[in-house]
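Trainee:
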Amino acid sequence: MMWLTEKIAFPPYENTSREGIIALGGDLSVERLIFAYKKGIFPWFSEGDPIVWYCPKKRMVLFPDELNISKSMKKVIQKNQFHITENRAFEEVIRQCKMIRRKDELGTWITDEMEQAYIHLHKIGVAKSIEVWLDNQLVGGLYGMEMNEIFCGESMFSCVSNASKAAFIHLVTSNKYALIDCQVYNKHLDSLGAREIDRKVFLELLEKYQ
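FYI, the numbering for the sequence shown is 248 to 457, going by the numbering used here.
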């Protein structure tokens, strides 16, 4: 497994482990993070561990025309109970994603270092957030990296039912992106129409749309 140095570079994709790990170490500088996302690589690690960089062989993505909105969710949207904004409260969204308790998960992968890195990326216009409000209270949202026509989703949270789904649907139906990168499989995104594709196909799409 390659340990990164100060030089901003990653090993060939063929060196990726069975778990999807392509490299370890390095830093979360703006330059390295942007370079990594352009290569289809993202960091994912726990507090106290070295930075772990992933490029899994199967990539969870959503093509906008494959978005699946359930009948119950369509009713929620029609009620207009949520007010949805973009980039209005990025720091609060990432903080909520960091603090929210998730079923079957221990702790959080959004370390303090990770939080500050993405806040910095937001300030230079690369990281973006979607906020969901109910009665002027932030009740859900998501954030990720905007790479031209591809949105690389990082995390989402919900304090009330359907809030994170509303944020995701707003993102997909904004018609700004040709592809939503969801990184790794989870049931929540599967229910919304996301599916896994081979890494080779994903990298071809990444090159096409960014």
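Every residue, glycine too, gets a C-beta built ideally from N, C-alpha and C.
Could you have a look at aspartate 351 and say whether DSSP puts it in helix, strand or coil?
Mentor: Summary for aspartate 351: the model assigns pLDDT 47, below 50, so the residue's position carries little reliability, and this model does not support an answer.
Trainee: Considering only their Cβ atoms, is the gap separating glutamate 451 from tyrosine 424 smaller than 8 Å?
Mentor: no
Trainee: Considering Cα atoms alone, identify which of Tyr284, Glu261, Ala256 is closest to glycine 272.
Mentor: Ala256
Trainee: Tell me where the beta strand (DSSP E) around tyrosine 390 begins and ends.
Mentor: 384–394
Trainee: Grouping DSSP H, G and I as helix and E and B as strand, with all else coil, what is glutamine 457?
Mentor: coil
Trainee: Is there contact here, the segment 307–317 with the segment 371–380, by at least three beta-carbon pairs under 8 Å?
Mentor: no
Trainee: If I'm right that serine 376 touches leucine 389 with Cβ under 8 Å, what's the distance once you round it to whole angstroms?
Mentor: 7 Å
Trainee: Measuring only between beta-carbons, confirm whether tyrosine 424 sits less than 8 Å from chain C.
Mentor: Checking the listed chains, one finds no chain C in this structure; it contains a single protein chain.
Trainee: Where tyrosine 301 and alanine 270 are concerned, what is the direct C-alpha to C-alpha distance, given to the nearest angstrom?
Mentor: 7 Å
Trainee: I'd like to check one pair, cysteine 344 with methionine 394: are the Cβ atoms closer than 8 Å?
Mentor: It is not a contact, given that the beta carbons lie outside the stated cut-off.
Trainee: Helix or strand or just coil, what does DSSP make of threonine 358?
Mentor: coil
Trainee: Closer than 6 Å by C-beta to tryptophan 380: which residues in its own chain qualify, once you throw out the five before and the five after it? Chain order, please.
Mentor: Residues of the same chain with a CB within less than 6 Å of the CB of tryptophan 380, apart from the 5 flanking positions on each side, are His330 in chain order.
Trainee: From which residue to which residue does the beta strand (DSSP E) around lysine 307 run?
Mentor: Looking at the sequence shown, residue 307 is not lysine but methionine. Here the beta strand (DSSP E) through methionine 307 covers 305–309.
Trainee: If we call anything under 8 Å between Cβ atoms a contact, is glutamate 443 one with threonine 358?
Mentor: no
Trainee: Going straight from the alpha carbon of glutamate 352 to that of methionine 346, what length do you get?
Mentor: Any answer about glutamate 352 is weak, because its pLDDT of 48 lies below 50 and its placement is not dependable; what the coordinates show is given next. Just so you know, the alpha carbons of glutamate 352 and methionine 346 end up roughly 12 Å apart.
Trainee: Rounded to whole angstroms, how far is the Cβ of phenylalanine 398 from the Cβ of aspartate 428, which I believe are closer than 8 Å?
Mentor: The Cβ separation is near 7 Å, so the contact holds.
Trainee: Bridge partners for valine 340 per DSSP, in chain order?
Mentor: Residue pairing of valine 340 in beta bridges, as defined by DSSP: absent, with no partner found.
Trainee: In this structure, what does DSSP give as the bridge partners for histidine 330?
Mentor: Trp380
Trainee: Rounded to a whole number of angstroms, what is the C-alpha to C-alpha distance between alanine 413 and glutamate 401?
Mentor: 16 Å
Trainee: To the nearest whole angstrom, what separates the beta carbons of leucine 280 and leucine 368, a pair I think is in contact under 8 Å?
Mentor: Going by Cβ atoms, the distance from leucine 280 to leucine 368 rounds to 6 Å, so yes, they are a contact pair.
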